[in-house]
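Inspection log for the structure reproduced underneath, given as structure tokens.
Numbering (UniProt numbering), first residue to last: 1 to 91.
Encoded structure:
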């Protein structure tokens, strides 16, 4: 993520609305942020931020995260990763 990135803000807002616990690295605040972004581009093929990983698996950027959320696939991924509690409604 980068502090000034609108797409990053959208993903952070969505994760907060879902009450997800997540680790955030603001690349523009890291002394080696450019190196981290270059390494991520090599590993994932994605040069842009946000660059989202869930449970160690590369998910993608803002559009992919939003699409997974609209499809109902994001919350199960976050639950499986332990990022949001698996709330059972059964008595």
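Where a beta carbon is used, it is the ideal one built from N, C-alpha and C, also for glycine.
None of the values given here were measured: they were computed from a predicted structure.
- Short of 7 angstroms from the beta carbon of residue 74, and not among the five residues preceding or following it, lie these beta carbons of its own chain, in chain order: 65, 68.
- Residue 1 is positioned such that its CB atom lies closer than 8 angstroms to that of residue 50.
- Rounded to whole angstroms, the gap between the alpha carbons of residue 32 and residue 52 is 19 angstroms.
- In the structure shown, the three-state DSSP call for residue 49 is coil.
- For residue 36, the three-state secondary structure derived from DSSP is helix.
- In the structure shown, the three-state DSSP call for residue 10 is helix.
- With contacts defined as CB atoms closer than 8 angstroms, residue 28 and residue 3 qualify as a contacting pair.
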